[in-house]
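Student: Just passing along the structure, written as structure tokens.
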Amino acid sequence: MDKKVRHYTGQAGAAYDISMKEIYDEKTETMKITANFDELFAYNGKLGVHYSPEATLFRVWAPVAVNVELVLYDSCYGKRKRRIPMQEIAKGTFEIEVEKDLDGFAYKYAINFPDGSLIETVDPYSTAVTVNGERSVVVDLESTNPDNWMGRMEPFSAPTDAIIYEAHIRDYTISKDSGVKEKAKFLGMIEEGTKSPNGKATGIDYLKELGITHLQILPMYDFQTVDEENQFASYNWGYDPQNYNVPEGSYATNPFEPKTRIREMKQMIQGLHDAGIRVIMDVVYNHVYEPIDHPFENTAPGYFFRKNPDGSMSNGTGVGNDTASERKMVRKYIVDSVKYWAEEYHLDGFRFDLMGIHDVETMVEVRKVLDEIDPSMIVIGEGWELNTNLPAEQKATSKNANKLERIGHFNDALRTAIKGRDLDGGHDTGFITGKSFMEQWIAINQQGGAYYPQDVATFTEPNQIVQYVEAHDNFTLYDKLVLNMPSDDEKTRARRHLLATSIAMLSQGITFIHAGQEFLRTKEGVENSYRSSDEINLMDWMRRDEKEFAVEYVKGLIALRKSEPLFRMQSSDDILRRMSVLKADYYQVIWQLEDETKSYYVFFNANGNPIEFEVEEADYEVLVHDDCVTLENPEIWKKTAKIVVEGFSTTVIRMNK
């Protein structure tokens with residue numbers, strides 16, 4: 001017998017009866033996503049918990065529920081509970097207001113479906129949870145603010161001024177040589193005065209010494225594969241989302257107390273802000289760890305995930321499921337979530353994992369809502385072309401960059417041209433390891449998208465291109481060099497490494513550095529260390545001390561880029577006018593930057609031997625040469641017309657007009 005459920009439009013007196021056969025498949029226990037489903041059920045109001053000391057409003061979207069009850073516990077971990085019927089207010093949205101101060105009370109939702117099944121679930125919009133995310137918790141968020149909790153930092157100057165440094169909280173603090181007390185914790189990231197056994201700065205002091213502008217932190221929302229009750233029993237980067245709007249409990253000093261993780265994450269962000277460092281959050285809205293058990297599926301079965309024509313899960317992510325951002329309530333969730341993190345935690349930007357899974361309209365909405373808070377917030381992502389069930393013209397890929405204004409894309413083309421592909425075991429080589437015909441591709445990519453082939457990507461401005469050669473994924477650059485050039489001695493390997501790093505850092509666009517890249521980080525040849533041991537993943541502070549020459553070189557490149565706007569131009573028009581490629585062949589890339597008062601020549605030599613290049617005869621300040629950066633009182637080559645660039649190295653000279 002067909003069941004009918006009355007649903008309300010949200011307008012006074014307006015309601016309609018829906019046949020469950022039309023929208024719910026009892027065999028698969030999932031919704032039928034018809035062409036007009038969003039028209040019938042998409043809800044524009046606020047969802048989740050809305051707390052005040054006098055009363056708390058609970059609101060959940062469960063479009064095919066017959067009824068929903070609030071399951072309210074008497075405490076976070078108490079067994080006593082009561083069920084309170086909720087009322088549908090509009091389009092499958094249920095709410096109830098409880099007139100009591102519920103700060104610290106745990107809750108769930110009990111949802112009855114048309115086939116008679118009953119599911120208890122945490123709130124998809126949870127902002128606090130018990131240990132391991134087993135219950136949602138009502139909290140007074142104001143009470144989680146640290147002392148002297150400041151507002152947002154002043155607006156940032158421009159995306160191309162950013163020096164982004166990517167780090168993982170546990171990796172960065174876990175080493176016994178870090179000097180950090182609160183290892184693998186939010187608070188460990190901001191301990192001041194920490195030093196290596198050799199007396200060199202570590203932790204936040206080291207970040208300040210480097211001169212970075214933004215710290216991009218690998219997932220720090222609540223993820224599933226680390227047991228918060230026994231943090232060190234396993235390791236994971238965290239690309240396995242559980243509760244999107246809650247900080248990860250294993251990074252808190254007390255994961256059992258729901259407010260602690262919130263307060264300590266805010267303390268970390270404030271501490272970084274006090275140090276002049278902005279924070280970019282790595283977000284993973286493209287998939288969840290276990291769809292069958294996730295609150296998305298528990299509240300709206302079949303809605304949040306893409307399906308193939310045969311009914312199977314779309315799997316462009318490669319982990320078994322793709323979220324369907326093109327659907328209105330999935331898009332709303334992503335936009336609401338980003339807005340919440342930006343406002344509540346004062347974040348300065350977001351890095352979208354596998355952004356190509358998402359649709360263009362969703363990413364445009366993300367940019368729009370962040371612009372309303374602070375237009376200088378950075379939004380970057382992986383605009384890869386992925387095999388998900390979404391038309392190509394709708395995907396948020398680099399090919400559609402012209403539809404994604406002021407959203408940056410990781411430029412894997414430059415990365416690959418420099419060092420070779422990381423696929424197929426990482427045996428492919430690149431410009432720095434002797435692969436032919438990479439020079440033109442290097443030169444094109446270094447111009448920040450100004451000359452980019454439109455069939456590859458449609459970048460319109462340099463703020464849409466993130467220039468990098470190493471990230472948390474795949475082999476570290478050092479390990480790839482060991483694999484590709486096993487006969488190199490350590491000195492040659494270091495020269496190739498610094499050459500590669502300088503190519504990326506001196507390119508037009510947004511600069512991105514992987515933590516430890518500046519001291520030739522190794523993961524002992526492990527290609528994908530997402531669940532490897534701490535020994536493989538940790539920041540080796542003793543290695544940092546041993547490779548002081550490399551650290552100083554990267555610090556110098558950061559200082560050079562920050563001191564000279566020509567290395568970080570904000571528009572393609574400026575790049576076209578002020579940057580000229582002079583040579584791109586025979587393992588050499590040479591270009592010139594010029595404005596009204598000065599001219600730079602920049603040389604990249606991937607030959608093992610020195611090269612010569614003729615320039616206008618003049619006096620030249622030598623800023624970068626033979627793996628040394630000197631910005632104060634640089635050497636001057638007087639009346640020079642021929643430049644010698646050492647093998648496997650970068651040279652930058654300046655002529656004042």
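1 is the number of the first residue of the sequence shown in UniProt numbering; add one for each residue after it. A virtual CB, placed ideally from N, CA and C, is assigned to each residue, including glycine.
Pair every Cβ in the segment 231 to 240 with every Cβ in the segment 576 to 585, then say whether three or more of these pairs are closer than 8 Å.
Tutor: Result no; under three Cβ-Cβ pairs closer than 8 Å.
Student: Is LYS328 near ALA42, with beta carbons less than 9 Å apart?
Tutor: Contact: yes.
Student: Determine, using beta carbons only, whether GLN570 and ILE510 come nearer to each other than 9 Å.
Tutor: no
Student: Answer yes or no: does any C-beta atom of chain B fall closer than 9 Å to that of VAL338?
Tutor: The structure shown contains no chain B; it is built from a single protein chain.
Student: Would you list, in sequence order, the uninterrupted alpha helix (DSSP H) runs of no fewer than 4 residues that lie entirely inside the segment 168 to 238?
Tutor: 169 to 173 and 203 to 210
Student: Please work out which residues of its chain come closer than 6 Å, Cβ to Cβ, to GLU182, disregarding the five sequence neighbours upstream and downstream, and give them in chain order.
Tutor: If we look at GLU182 and ignore the five residues flanking it on each side, its Cβ neighbours are GLY188.
Student: In the DSSP output, which residue or residues are listed as bridge partners for ILE432?
Tutor: Residue pairing by DSSP places ILE432 opposite no residue, since no beta bridge is assigned to it.
Student: Can you tell me whether GLN87 is buried or exposed? The criterion is at least 16 other CB atoms within 10 Å of its CB, across all chains shown.
Tutor: exposed
Student: When burial is assigned at 16 or more other CB atoms within 10 Å of the CB, is GLN508 buried or exposed?
Tutor: buried
Student: What separation, rounded to the nearest whole angstrom, lies between the Cα atoms of GLN267 and TYR221?
Tutor: 15 Å
Student: Excluding the 5 residues preceding and the 5 following HIS50 in the sequence, name in chain order all residues of the same chain whose CB lies nearer than 6 Å to its CB.
Tutor: Beyond the five residues adjoining it in sequence on each side, HIS50 comes within less than 6 Å, by CB distance, of LEU57 in the same chain, given in chain order.
Student: Just verifying my parser: in three-state terms, what is the DSSP assignment at VAL622?
Tutor: strand
Student: Whole angstroms are fine: how far does the CA of TRP61 sit from the CA of PRO85?
Tutor: 15 Å
Student: Report all residues from its chain with a CB closer than 8 Å to the CB of ALA184; omit the five preceding and five following residues, and keep chain order.
Tutor: ILE169, ARG170, THR173, ILE174, GLN231, PHE232, SER250 and TYR251
Student: Consult DSSP for ASN243 and reduce its assignment to one of helix, strand or coil.
Tutor: ASN243 falls in the strand class under three-state DSSP.
Student: Quick one: which unbroken beta strand (DSSP E) runs of 3-plus residues sit fully inside the segment 580 to 625? Chain order, please.
Tutor: 588 to 594, 598 to 605 and 611 to 625
Student: Report back the beta-carbon spacing between ASP619 and LYS639 to the nearest angstrom; my notes put them in contact at under 8 Å.
Tutor: 7 Å
Student: Who are the Cβ neighbours of ASN112 in its own chain at under 7 Å, not counting the five residues just before and after it?
Tutor: ALA65, VAL66, ASN67 and LEU118
Student: Distance check for ARG654 and GLU621, CA to CA, integer angstroms please.
Tutor: 5 Å
Student: Going straight from the alpha carbon of GLY179 to that of GLY516, what length do you get?
Tutor: CA-to-CA, the gap between GLY179 and GLY516 works out to about 17 Å.
Student: Could you check what DSSP says for MET86 in three-state terms: helix, strand or coil?
Tutor: In the structure shown, MET86 adopts coil according to DSSP, grouped into three states.
Student: Helix, strand or coil: which one does DSSP assign to SER572?
Tutor: helix
Student: Does the beta-carbon of ASP322 have 16 or more other beta-carbons within 10 angstroms, so that it is buried, or is it exposed?
Tutor: buried
Student: In angstroms, rounded to a whole number, what distance separates the CA positions of ASP422 and LEU477?
Tutor: 10 Å
Student: Name the residue from LYS491, TYR601 and ASP147 whose alpha carbon lies nearest to the alpha carbon of ARG263.
Tutor: Among LYS491, TYR601 and ASP147, the Cα nearest to that of ARG263 is on ASP147.
Student: Please confirm whether ASN463 and PRO159 have their CB atoms less than 9 Å apart.
Tutor: yes
Student: Do LEU215 and GLU518 have their C-beta atoms within less than 9 Å of each other?
Tutor: Contact: no.
Student: What alpha helix (DSSP H) runs, 4 residues minimum, are completely inside the segment 368 to 435?
Tutor: 412 to 419
Student: Can you grab the Cα-Cα spacing for the pair GLU192 / TYR206, in whole Å?
Tutor: 10 Å
Student: Can you give me the C-alpha to C-alpha distance between THR260 and VAL246, rounded to a whole angstrom?
Tutor: 11 Å
Student: Where DSSP assigns a beta bridge to GLN467, which residues make up the other side?
Tutor: BP columns for GLN467 point to THR511.
Student: Which first and last residues belong to the beta strand (DSSP E) in which PHE648 is found?
Tutor: No beta strand (DSSP E) holds PHE648; DSSP gives it neither H nor E.
Student: In whole angstroms, give me the CA-to-CA distance for LEU141 and PRO53.
Tutor: 11 Å
Student: Using a threshold of 9 Å, state whether the C-beta atoms of ILE432 and LEU481 are closer than that.
Tutor: yes
Student: Taking DSSP's pairing of strands, which residues face VAL71 in a bridge?
Tutor: ARG83 and LYS108
Student: Where do the ends of the beta strand (DSSP E) carrying HIS50 lie?
Tutor: 48 to 51
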